[in-house]
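Asks:
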Amino acid sequence: MKVGIMGGTFDPIHIGHLLAAEAARDSFGLDQVWFMPSHIPPHKEQAGASGEDRLGMVAEAISDHPCFRTLDIEIRRGGVSYTIDTVKEIRRSFEGIDFHFIIGADMVNYLPKWEGIEELVNLMTFIGVGRPGSTLDLDALPGYLQGKVHLADMPQVDISSTEIREKLATGHSIRYMVTDSVYDYIRRRGLYGIQPRRTD
Ligand code: NAP
Numbered sequence: 009m010k011v012g013i014m015g016g017t018f019d020p021i022h023i024g025h026l027l028a029a030e031a032a033r034d035s036f037g038l039d040q041v042w043f044m045p046s047h048i049p050p051h052k053e054q055a056g057a058s059g060e061d062r063l064g065m066v067a068e069a070i071s072d073h074p075c076f077r078t079l080d081i082e083i084r085r086g087g088v089s090y091t092i093d094t095v096k097e098i099r100r101s102f103e104g105i106d107f108h109f110i111i112g113a114d115m116v117n118y119l120p121k122w123e124g125i126e127e128l129v130n131l132m133t134f135i136g137v138g139r140p141g142s143t144l145d146l147d148a149l150p151g152y153l154q155g156k157v158h159l160a161d162m163p164q165v166d167i168s169s170t171e172i173r174e175k176l177a178t179g180h181s182i183r184y185m186v187t188d189s190v191y192d193y194i195r196r197r198g199l200y201g202i203q204p205r206r207t208d
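Take the position in the sequence shown, starting the count at 1, then add 8; the result is the number in my numbering.
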């Protein structure tokens, strides 16, 4: 079985994440994609929403896709979510699965800085998905990453979680940037500084 792991802070998950995962699944014939929210991301500040809420939003966003699943391994483990620790744990728990890690094209340039990257590339390959404005030169990657990063094209959607949080904080609409189910979840739980309210 071929499985793509879509790791992210997902603070909140938006349609750019969903399109990236679907592009990777379709381009590389992945049987499933597992969405894995990090607990504390290694490379940025702690998320605004709790791990439980970010996992809840991910579950809402992917519920209608037959091949998408959630993976709560990093939320359960706690601490800083180094991908190398996670991938070793996953490979112990799920033997015989061919794993691919899905990341945005911007993140590919940053891969050499990842903790334990030289060991990580021997445990799985990376699928980088294009996003607007990213300049990705695979030949410029260090030798140990050559042949370990594959690219998938996706419809370009210039949306970020930061922009969504800023819109919510300033009272602007995020409709269609996230699924209706995620928008309902945010309003129901009063996330990102908005007043909680019933949506039924
Ligand atoms: P994120 O912001 O929540 O986004 C998840 C992924 O979706 C990222 O790869 C991001 O790529 C991509 N993405 C977001 N918006 C997009 C759009 N509009 N179009 C296309 N792609 C889009 O994720 P993150 O917090 O950066 O983390 C990504 C994963 O890398 C996590 O699992 C994290 O733990 C892991 N990581 C590990 C290490 C380490 O082990 N040392 C270091 C850094 C990250 P972009 O980055 O291009 O936005």
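Backbone N, C-alpha and C fix where the C-beta goes; we use that ideal spot for every residue, glycine too.
Strictly by DSSP, which residues pair up with R183?
Replies: V186
Asks: Alpha carbon to alpha carbon, what distance is there between T187 and S71?
Replies: Rounded to the nearest angstrom, the gap between the Cα atoms of S71 and T187 is 11 Å.
Asks: Between S168, M44 and M115, which has its C-alpha nearest A67's C-alpha?
Replies: M44
Asks: Are there any heavy atoms of ligand 1 lying less than 7 Å away from the beta-carbon of M115, as far as the coordinates show?
Replies: yes
Asks: Would P120 and Y90 qualify as a contact pair, given that the criterion is a beta-carbon distance under 8 Å?
Replies: Contact flag unset, no.
Asks: Is the segment 9-28 touching the segment 150-168, taking contact as three or more C-beta pairs under 8 Å?
Replies: yes
Asks: Please report how far the alpha carbon of F107 lies from the alpha carbon of P204, in whole angstroms.
Replies: Whole-angstrom Cα-Cα distance: 39 Å.
Asks: Around the C-beta of F102, are 16 or more other C-beta atoms found within 10 angstroms, so that it is buried, or is it exposed?
Replies: exposed
Asks: Which whole-angstrom value is the C-beta distance of L131 and V95, which I expect to be below 8 Å?
Replies: 5 Å
Asks: Using the Cα positions of V157 and I202, report the straight-line distance between them to the nearest angstrom.
Replies: 39 Å
Asks: Below 8 Å on the Cβ atoms is my contact criterion, and I expect D161 with R139 to pass it. Report the Cβ-Cβ distance as a whole number of Å.
Replies: With a Cβ gap of about 11 Å, D161 and R139 do not count as contacting.
Asks: Compute the Euclidean distance between the alpha carbons of P74 and L146, then round it to the nearest angstrom.
Replies: Looking at the backbone, the Cα of P74 and that of L146 are separated by about 32 Å.
Asks: Pick from D39, R33, A29 and G16: whose alpha carbon is nearest that of M9?
Replies: D39
Asks: In this structure, does DSSP put H158 in helix, strand or coil?
Replies: Reduced to three states, the DSSP call for H158 is strand.
Asks: Under a three-way DSSP split, which group does D106 fall into?
Replies: strand
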